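Sequential numbering of the sequence shown, starting at 2, is according to our numbering.
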Amino acid sequence: LSGDWAGYRECHIKPDLLLIYRKSDADTLRLARLGSHSELFG
2 LSGDWAGYRE CHIKPDLLLI YRKSDADTLR LARLGSHSEL FG
């Protein structure tokens, strides 16, 4: 992702349900946000 979410990744759980996360190391995911595209990105 870019902008405020630089360094994060997204995973589409359903067509309009996204999980935003970041890999802090090889074995750890840090979950940041869960919501629809419009909720997360306006």
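Glycine included, each C-beta is placed from N, C-alpha and C at the ideal position. Keep in mind that this is a model prediction, so the values were computed, not measured.
Where residue i falls, given that 16 or more other Cβ within 10 Å makes a residue buried
i     : result
Leu30 : exposed
Leu19 : buried
DSSP beta-bridge partners of residue i
i     : result
Ile21 : Glu11 and Arg34
Asp26 : Thr29
Reference residue i, options the options, closest by Cα
i     : options                       : result
Arg23 : Glu40, Glu11 and Lys15        : Glu11
Ala7  : His13, Pro16, Ile21 and Asp28 : Ile21
His38 : His13, Asp26 and Ala27        : His13
For residue j and residue i, the rounded distance between their alpha carbons
i    : j     : result
Tyr9 : Asp17 : 18 Å
Ser3 : Gly43 : 14 Å
Arg5 : Arg34 : What sits at residue 5 in the sequence shown is Asp, not Arg. Near 13 Å, if we compare the C-alpha coordinates of Arg34 and Asp5.
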